[in-house]
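Peer 1: Chains as they are written, first to last, in UniProt numbering: chain A, 1 to 228; chain B, 1 to 345; chain C, 1 to 414.
Even for Gly, the Cβ is constructed at its ideal location relative to N, Cα and C.
Could you have a look at this structure, given as structure tokens, before my questions?
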Amino acid sequence: MAFPGNRDRHGRHLTRMCLLSLLMLVGCSGPKPPHPARVADTIAAHEGPVQGPDTAHLTAELNRVRAEFPGRLQAADFFVETRVNQLKQAPCAQCHAAPVDLDKAPKAHWDIQLEHAGNHMMQCSTCHDPGDHKSSLIFLSGAALSMDHVYQQCGQCHFEQLRDWEGGAHGQRVAAWSGERVVRNCTGCHDPHQPAFPKRWPVHAARPADETLPIQEISHPEEGSAHD
Amino acid sequence: MTKSSSIKTWVRRLLNPEALRYLAADDPEGDRSFAEGAAQVMDKQLDRRQALKAIAGAGAAGAALVQAACAPLGGRSEEAQHRWEEFFKKNYRLMTETERAETVTRLTKLAADDRGGAPHIQTTPAQPGVLFGYAFNISKCKGYQDCVKACIHENNLDRGENMQYIRIFEIENGQQSLASANGSYYHEVPADGHYYLGTQCFHCENPPCVDVCPVGATWKEEDGIVVVDYDWCIGCRYCQAACPYFGRRFNWSAPQVPPESVNREQHYLGNRPRKKGVMEKCTFCIQRTRQGKLPACVEACPTGARVFGNLLDPNSEIRYVLANKKVFRLKEELGTEPKFWYFTD
Amino acid sequence: MSPTHLFQFFGDAFLSATRGRLAYHVWMGGLTFLMLLGAYAYSVQLQEGLIVTGMNDHISWGMYISNFTFLVGLAAAAVMLVLPTYILDDVDFGGAVLIGEGVAVAALVMCLAFVTVDLGGPHRVWHMIPKLGYFNWPRSMLTWDVLVLNGYLALNVMVPFYLLYSRYHGVKPDKRKYVPFVVLSVFWAVGIHLVTAFLYAGLPARPFWHNALLGPRFLASAFAAGPAFILMLLGVIDRFTDYGIRVVIFDKLALIITVAAQINLVMLGSELFVEFYQPTEHAESAVYLFFGLNGHDALVPWIRSAVALNLGATLCLSIHPLRRRRGILLAASTLLFLAVWIEKGMGLVVPGFVPGPLGDVVDYHPSWVEIWVTVGIWAMGFFILSGLVKVAIAIETGRMKAKGGDQEVPTESL
Ligand code: SF4
Ligand code: SF4
Numbered sequence: 001m002a003f004p005g006n007r008d009r010h011g012r013h014l015t016r017m018c019l020l021s022l023l024m025l026v027g028c029s030g031p032k033p034p035h036p037a038r039v040a041d042t043i044a045a046h047e048g049p050v051q052g053p054d055t056a057h058l059t060a061e062l063n064r065v066r067a068e069f070p071g072r073l074q075a076a077d078f079f080v081e082t083r084v085n086q087l088k089q090a091p092c093a094q095c096h097a098a099p100v101d102l103d104k105a106p107k108a109h110w111d112i113q114l115e116h117a118g119n120h121m122m123q124c125s126t127c128h129d130p131g132d133h134k135s136s137l138i139f140l141s142g143a144a145l146s147m148d149h150v151y152q153q154c155g156q157c158h159f160e161q162l163r164d165w166e167g168g169a170h171g172q173r174v175a176a177w178s179g180e181r182v183v184r185n186c187t188g189c190h191d192p193h194q195p196a197f198p199k200r201w202p203v204h205a206a207r208p209a210d211e212t213l214p215i216q217e218i219s220h221p222e223e224g225s226a227h228d
Numbered sequence: 001m002t003k004s005s006s007i008k009t010w011v012r013r014l015l016n017p018e019a020l021r022y023l024a025a026d027d028p029e030g031d032r033s034f035a036e037g038a039a040q041v042m043d044k045q046l047d048r049r050q051a052l053k054a055i056a057g058a059g060a061a062g063a064a065l066v067q068a069a070c071a072p073l074g075g076r077s078e079e080a081q082h083r084w085e086e087f088f089k090k091n092y093r094l095m096t097e098t099e100r101a102e103t104v105t106r107l108t109k110l111a112a113d114d115r116g117g118a119p120h121i122q123t124t125p126a127q128p129g130v131l132f133g134y135a136f137n138i139s140k141c142k143g144y145q146d147c148v149k150a151c152i153h154e155n156n157l158d159r160g161e162n163m164q165y166i167r168i169f170e171i172e173n174g175q176q177s178l179a180s181a182n183g184s185y186y187h188e189v190p191a192d193g194h195y196y197l198g199t200q201c202f203h204c205e206n207p208p209c210v211d212v213c214p215v216g217a218t219w220k221e222e223d224g225i226v227v228v229d230y231d232w233c234i235g236c237r238y239c240q241a242a243c244p245y246f247g248r249r250f251n252w253s254a255p256q257v258p259p260e261s262v263n264r265e266q267h268y269l270g271n272r273p274r275k276k277g278v279m280e281k282c283t284f285c286i287q288r289t290r291q292g293k294l295p296a297c298v299e300a301c302p303t304g305a306r307v308f309g310n311l312l313d314p315n316s317e318i319r320y321v322l323a324n325k326k327v328f329r330l331k332e333e334l335g336t337e338p339k340f341w342y343f344t345d
Numbered sequence: 001m002s003p004t005h006l007f008q009f010f011g012d013a014f015l016s017a018t019r020g021r022l023a024y025h026v027w028m029g030g031l032t033f034l035m036l037l038g039a040y041a042y043s044v045q046l047q048e049g050l051i052v053t054g055m056n057d058h059i060s061w062g063m064y065i066s067n068f069t070f071l072v073g074l075a076a077a078a079v080m081l082v083l084p085t086y087i088l089d090d091v092d093f094g095g096a097v098l099i100g101e102g103v104a105v106a107a108l109v110m111c112l113a114f115v116t117v118d119l120g121g122p123h124r125v126w127h128m129i130p131k132l133g134y135f136n137w138p139r140s141m142l143t144w145d146v147l148v149l150n151g152y153l154a155l156n157v158m159v160p161f162y163l164l165y166s167r168y169h170g171v172k173p174d175k176r177k178y179v180p181f182v183v184l185s186v187f188w189a190v191g192i193h194l195v196t197a198f199l200y201a202g203l204p205a206r207p208f209w210h211n212a213l214l215g216p217r218f219l220a221s222a223f224a225a226g227p228a229f230i231l232m233l234l235g236v237i238d239r240f241t242d243y244g245i246r247v248v249i250f251d252k253l254a255l256i257i258t259v260a261a262q263i264n265l266v267m268l269g270s271e272l273f274v275e276f277y278q279p280t281e282h283a284e285s286a287v288y289l290f291f292g293l294n295g296h297d298a299l300v301p302w303i304r305s306a307v308a309l310n311l312g313a314t315l316c317l318s319i320h321p322l323r324r325r326r327g328i329l330l331a332a333s334t335l336l337f338l339a340v341w342i343e344k345g346m347g348l349v350v351p352g353f354v355p356g357p358l359g360d361v362v363d364y365h366p367s368w369v370e371i372w373v374t375v376g377i378w379a380m381g382f383f384i385l386s387g388l389v390k391v392a393i394a395i396e397t398g399r400m401k402a403k404g405g406d407q408e409v410p411t412e413s414l
């Protein structure tokens with residue numbers, strides 16, 4: 001950018017301009033190096049006794065029982081949803097008085113397909129007691145167990161999941177994030193006979209990002225349909 | 001605060017670049033200055049009204065005319081007046097409790113006219129000692145999208161444009177980049193050899209979307225929720241450009257929600273109906289979570305992939321996840337500090 | 001400046017702007033027609049919402065903001081004339097500088113119009129007025145932009161008004177009164193463009209924009225395209241009015257354009273090197289722009305022609321014998337102007353959004369509503385520019401002057 005005859009005056013102005021922009025930049029950033037605030041620091045600075053909203057009314061209606069961990073002195077400080085009151089075919093003793101022959105085809109339980117770690121490892125009798133039906137569920141040791149505390153049974157093998165479930169990384173909390181902690185039992189989400197989640201269609205179809213629908217083509221499907 | 005002293009504070013703040021950076025409304029300092037500004041505005045209530053009137057002189061005359069003309073219709077004129085007052089109301093953060101109550105009453109009446117049923121609009125404030133955080137288990141998510149559906153219903157999202165806050169990405173095993181992910185799959189899930197990752201607004205601790213808004217229509221609340229004042233947003237979409245996570249949605253047209261499926265339990269900063277030309281986003285279901293409930297997505301998830309809770313409570317589930325699982329966040333290098341972590345079993 | 005004098009001035013200016021040859025009337029009539037079309041398109045947009053544009057959640061800024069960005073550059077470029085004329089006492093530019101400032105005013109009005117039509121709630125802009133609403137300054141770069149653009153508009157209205165008004169009354173303008181503002185406007189012009197660049201460069205979310213070279217490149221391309229436009233305009237004025245433009249002005253402008261275009265090319269080269277030598281994920285926007293991504297290549301033909309035009313025009317301008325030919329100079333300027341319009345408009349704004357932060361690749365096609373609104377605003381800009389230039393020329397040539405004023409004002413005083 002040369003202006004004949006004006007070289008040095010032009011140069012001076014350019015220097016001034018540079019100086020000014022430099023000053024502006026310094027002014028913006030301040031004397032200390034800027035760094036983003038960290039969540040971890042916020043947490044460390046403010047964590048403490050919790051005054052969450054009152055949620056008693058949200059959990060009041062839930063059928064729940066305090067979680068227990070055998071061998072521990074203290075009871076757990078959270079609750080699980082109960083199971084017994086949701087089942088029709090339990091306890092076994094309400095139908096079965098005599099021991100069941102497991103080789104026969106299951107009549108009343110025809111709909112149960114066992115797909116849990118393969119039949120050489122898991123059979124009906126791994127978790128149920130077909131002998132005297134004192135209890136519906138048994139530990140691997142044969143000791144009786146209430147359906148409400150089924151997590152104890154699952155945790156015999158799935159101890160890592162049990163640990164995470166107790167802490168809150170596995171499973172699902174019910175109703176409220178604050179106040180009394182009530183969580184789903186293992187069987188609240190998993191079918192114990194087929195614990196893997198099934199394949200199915202998503203309940204919602206996302207609109208493709210690169211597809212711009214003309215307004216009139218957008219339909220308004222009924223509620224509850226697959227393409228909600 | 002007297003006028004001269006307020007000017008002095010202002011000048012001091014200008015001269016002190018350190019303080020300049022804290023003019024932010026989301027840190028306590030900034031909130032105070034904001035509140036002081038509010039107090040000033042409040043003191044000058046009358047001037048403000050007069051100024052507004054002066055500015056919209058012609059409009060005011062017009063509205064008065066309309067009002068007079070509709071007077072025999074009773075309800076109509078009241079509605080016109082409500083709409084008028086709605087238009088000239090303040091930024092939610094600057095309102096006093098009474099003003100908030102007034103606008104809620106107006107909105108309730110107007111909404112009742114519009115949609116045939118009065119909503120309940122809360123203004124529940126943030127509770128002290130609460131900072132919301134979220135974790136998402138990518139080993140658990142199966143891509144069912146129950147969360148998406150629940151969110152759409154809970155938050156009265158625009159059905160016409162098929163808007164959704166949550167997106168679930170299907171990613172091939174062995175890949176990590178979202179660029180190779182499929183954000184609009186529709187087939188039986190979980191697909192073999194794929195895993196699923198959900199995104200939404202991450203309620204960044206340093207939200208760039210808040211910094212850029214020219215009118216302060218979006219801000220971070222004390223409990224960490226980033227909200228939008230739908231009636232204050234001018235629709236410049238700068239925040240949308242600034243968000244590194246595609247967390248914001250714009251109402252390109254007037255949103256359509258079938259009246260019978262409107263969720264009437266609403267929050268002023270949450271799921272109350274939006275209008276065309278304004279920005280909206282996930283609010284961690286502010287209308288639910290400020291009452292202690294779980295967000296709709298967490299509740300709807302059939303696999304328990306979603307964990308929500310109070311980061312300031314050392315015994316909360318979210319804190320357990322942070323302390324015991326391997327977690328990561330998207331684009332941590334940007335320094336936005338999302339309060340949304342991903343983890344694996 | 002008594003009210004009656006002002007009244008008389010504006011009356012005369014109005015008369016001067018509304019009278020002219022048939023061609024002038026046809027031109028202004030055509031522009032009015034286009035403006036009306038644009039207004040109609042805008043009314044449709046107001047009615048339906050921004051859904052009638054080609055924008056969406058993925059590409060949330062389109063043609064409007066592209067044009068806005070480009071026009072800020074055009075406005076800033078007026079400084080290339082102001083700087084030498086007023087400060088360096090380089091009187092060669094005397095006549096041209098008022099034209100340049102007219103261009104700045106028209107460009108700024110267009111900028112403001114483009115931002116306004118881009119808003120989802122234009123009736124709520126009063127939220128930005130401090131005290132009435134809330135002005136998020138200094139945090140939001142957009143508020144900075146609002147300030148600097150309006151300030152620059154004021155400066156560019158004030159100084160020429162003062163000069164023309166003095167001339168109209170046959171008074172010699174007082175240097176002490178206007179030179180400080182001129183100096184200010186020089187810095188301000190750099191400011192408006194840098195601030196507009198920072199609008200983009202301040203977004204780490206968009207790697208394509210988050211780049212320190214963006215500001216300087218904005219300036220370089222603006223100082224090429226802006227003077228190129230002024231040169232075209234001067235060519236038209238020289239040809240169709242009795243207001244002669246001296247050859248030396250063309251030569252100097254051409255030199256400015258050439259150097260700026262060369263610098264711009266160097267920066268483009270540097271950018272391309274960084275993007276493509278070791279392409280990272282952050283280079284994907286550039287890949288999208290120049291080659292297309294996942295079968296989406298809406299911008300490829302545009303940017304390639306822009307680069308070709310840019311190279312061709314710069315080459316033409318760099319060769320002295322070619323540049324000295326008026327026809328070639330004007331053609332090269334036009335090409336350069338177009339090239340920068342593409343490159344800094346759509347070629348800058350849209351790829352910033354592609355791929356999106358979550359990897360979405362979406363093409364952007366402006367809708368007809370958008371195109372017509374854009375055309376309407378450009379027509380408005382030309383309308384304003386034509387009027388301003390007409391009045392300025394009338395005053396400069398002494399055809400419009402206050403009755404009884406002293407005519408003996410040397411041109412050098414401008
Ligand atoms: S994810 Fe985006 S919208 Fe949400 S707070 Fe962060 S920057 Fe803002
Ligand atoms: S779109 Fe609304 S919320 Fe977003 S930056 Fe603009 S005014 Fe603020």
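Under 8 Å Cβ-Cβ, which residues of chain B neighbour Trp61(C)?
Peer 2: By 1-based counting over the third sequence, the position of residue 61(C) is 61. By Cβ distance, chain B contributes Arg237 and Ala241.
Peer 1: Alpha carbons only, please: which of Val236(C), Leu315(C), Leu272(C) and Gly345(C) is nearest the one belonging to Ala197(C)?
Peer 2: The residue labelled residue 197(C) in the question sits at position 197 within the third sequence. Nearest of Val236(C), Leu315(C), Leu272(C) and Gly345(C) to Ala197(C), Cα basis: Gly345(C).
Peer 1: Using DSSP with H/G/I as helix, E/B as strand and the rest coil, what is Ala135(B)?
Peer 2: Along the second sequence, read from residue 1 onward, the residue named residue 135(B) stands at position 135. Three-state DSSP puts Ala135(B) in a strand.
Peer 1: At the 8 Å Cβ level, is Pro128(B) part of the contact set with chain A, yes or no?
Peer 2: Within the second sequence, the letter at position 128 stands for residue 128(B). Closer than 8 Å to some Cβ of chain A, the Cβ of Pro128(B) qualifies, so yes.
Peer 1: Are there 16 or more other CB atoms within 10 angstroms of the CB of Ile319(C), so buried, or fewer, so exposed?
Peer 2: Translated into positions along the third sequence, residue 319(C) becomes position 319. Under this definition Ile319(C) is an exposed residue.
Peer 1: Closer than 7 Å from C-beta to any heavy atom of ligand 1: which residues, in chain order?
Peer 2: In chain order, the qualifying residues are Cys201(B), Phe202(B), His203(B), Cys204(B), Pro207(B), Pro208(B), Cys209(B), Val210(B), Val226(B), Cys239(B), Ala242(B), Cys243(B), Pro244(B), Tyr245(B), Gly247(B), Arg248(B), Lys281(B), Thr336(B) and Pro338(B).
Peer 1: Does the beta carbon of Leu312(B) sit closer than 8 Å to a beta carbon anywhere in chain A?
Peer 2: Here the question's residue 312(B) lines up with position 312 in the second sequence. Taking Cβ atoms only, chain A reaches closer than 8 Å to Leu312(B), which makes this a yes.
Peer 1: Can you grab the Cα-Cα spacing for the pair Gly54(C) / Ala113(C), in whole Å?
Peer 2: On the third sequence, position 54 is the one that residue 54(C) refers to. On the third sequence, position 113 is the one that residue 113(C) refers to. The straight-line gap from Cα to Cα measures roughly 18 Å.
Peer 1: DSSP puts Met279(B) in a beta bridge; with which residues?
Peer 2: In the second sequence, counting from the first residue as 1, residue 279(B) sits at position 279. Met279(B) pairs with Phe250(B).
Peer 1: At what residues does the beta strand (DSSP E) containing Arg64(A) begin and finish?
Peer 2: Counted from its first residue, the first sequence places residue 64(A) at position 64. Unbroken beta strand (DSSP E) run through Arg64(A): Arg64 to Arg66.
Peer 1: Using the three-state DSSP reduction, which class does Ile152(B) fall into: helix, strand or coil?
Peer 2: Along the second sequence, read from residue 1 onward, the residue named residue 152(B) stands at position 152. Three-state DSSP puts Ile152(B) in a helix.
Peer 1: For Leu58(A), tell me which candidate among Arg288(B), Phe250(B) and Ala111(B) has the shortest Cα-Cα distance.
Peer 2: Locating residue 58(A) in the first sequence gives position 58, where the first residue counts as 1. Minimum Cα distance to Leu58(A) is reached at Arg288(B).
Peer 1: Which two residues bound the contiguous alpha helix (DSSP H) that contains Glu370(C)?
Peer 2: Taking the third sequence and counting its residues from 1, the one referred to as residue 370(C) is at position 370. It spans Trp368 to Glu396 - the alpha helix (DSSP H) in which Glu370(C) sits, taken as one unbroken run.
Peer 1: Within this structure, are the beta carbons of Val109(C) and Gly376(C) separated by less than 8 Å?
Peer 2: Here residue 109(C) refers to the residue found at position 109 of the third sequence. Here residue 376(C) refers to the residue found at position 376 of the third sequence. Not closer than 8 Å, so no.
Peer 1: Given a cut-off of 8 Å, decide if Leu299(C) and Val266(C) are closer than it, judged by their beta-carbon atoms.
Peer 2: In the third sequence, counting from the first residue as 1, residue 266(C) sits at position 266. In the third sequence, counting from the first residue as 1, residue 299(C) sits at position 299. Cβ atoms of Val266(C) and Leu299(C): not closer than 8 Å.
Peer 1: Output, in sequence order along the chain, the residues in the region 288-310 of chain B whose CB is closer than 9 Å to any CB in chain C.
Peer 2: Within the region 288-310 of chain B, no residue has a Cβ that lies closer than 9 Å to any Cβ of chain C.
Peer 1: Can you confirm whether Gly133(C), when its beta carbon is compared against all beta carbons of chain B, has any partner nearer than 8 Å?
Peer 2: Sequence index remark: in the third sequence, residue 133(C) carries index 133 (1-based). Output row for Gly133(C): interface = yes.
Peer 1: Which residues in chain A sit within 9 Å of Gln164(B), going by Cβ to Cβ distance?
Peer 2: Numbered from 1 along the second sequence, position 164 holds the residue referred to as residue 164(B). In chain order: His204, Ala206 and Arg207.
Peer 1: For Trp126(C), which residues of its own chain have a beta-carbon under 8 Å away from its beta-carbon, when the five flanking residues on both sides are left out?
Peer 2: The sequence position of residue 126(C) within the third sequence is 126, counting from 1. Answer for Trp126(C): Leu132 and Gly133, listed in chain order.
Peer 1: Chain B beta carbons: is any one of them nearer than 8 Å to that of Ile138(A)?
Peer 2: For the purposes of this step, residue 138(A) is taken as the residue at position 138 of the first sequence. No, Ile138(A) lies away from the interface with chain B (no Cβ there is under 8 Å from its Cβ).
Peer 1: With the cut-off set at 8 Å, would you say His296(C) and Asp363(C) are in Cβ contact?
Peer 2: To locate residue 296(C), count along the third sequence from 1; it is residue 296. To locate residue 363(C), count along the third sequence from 1; it is residue 363. In this structure, Asp363(C) lies closer than 8 Å to His296(C) by Cβ.
Peer 1: Taking Asn56(C) as the query, report the chain B residues whose CB atoms sit under 8 Å from its CB, ordered along the chain.
Peer 2: To locate residue 56(C), count along the third sequence from 1; it is residue 56. The contacting residues are Trp252.
Peer 1: Applying a beta-carbon distance threshold of less than 9 Å, which residues of chain B neighbour Thr143(C)?
Peer 2: For the purposes of this step, residue 143(C) is taken as residue 143 along the third sequence, with counting starting at 1. The answer, in chain order, is Pro214 and Val215.
Peer 1: Measure the alpha-carbon distance for Val150(A) versus Phe135(C) and round it to whole angstroms.
Peer 2: Taking the first residue of the first sequence as 1, we reach residue 150(A) at position 150. Taking the first residue of the third sequence as 1, we reach residue 135(C) at position 135. Whole-angstrom Cα-Cα distance: 59 Å.
Peer 1: Label Cys186(A) either buried or exposed according to how many other C-beta atoms from any shown protein chain fall within 10 Å of its C-beta, with 16 as the threshold for buried.
Peer 2: On the first sequence, residue 186(A) is found 186 positions in, with the first residue counted as 1. Its Cβ being crowded by 16 or more others within 10 Å, Cys186(A) is buried.
Peer 1: Identify the contact partners of Val321(B) in chain A, using a Cβ-Cβ distance below 9 Å as the criterion.
Peer 2: One-based indexing of the second sequence puts residue 321(B) at position 321. By Cβ distance, chain A contributes Asp164, Gly167, Gly168 and Ala169.
Peer 1: Rounded to a whole number of angstroms, what is the C-alpha to C-alpha distance between Tyr144(B) and Tyr152(C)?
Peer 2: The residue given as residue 144(B) occupies position 144 in the second sequence. The residue given as residue 152(C) occupies position 152 in the third sequence. If I take the Cα positions, the gap works out to 55 Å.
Peer 1: Beta-carbon within less than 6 Å of Ala296(B)'s beta-carbon, same chain only, minus the 5 sequence neighbours each way: which residues are those?
Peer 2: Counting from 1 along the second sequence, the entry for residue 296(B) is found at position 296. Ala150, Cys151, Glu154 and Cys285, listed in sequence order.
Peer 1: Taking 6 Å as the limit between beta carbons, can you name the residues of its chain near Phe208(C), skipping five residues before and five after?
Peer 2: Counted from its first residue, the third sequence places residue 208(C) at position 208. Within the same chain, Phe208(C) has close Cβ partners Ser285, Pro351 and Gly352.
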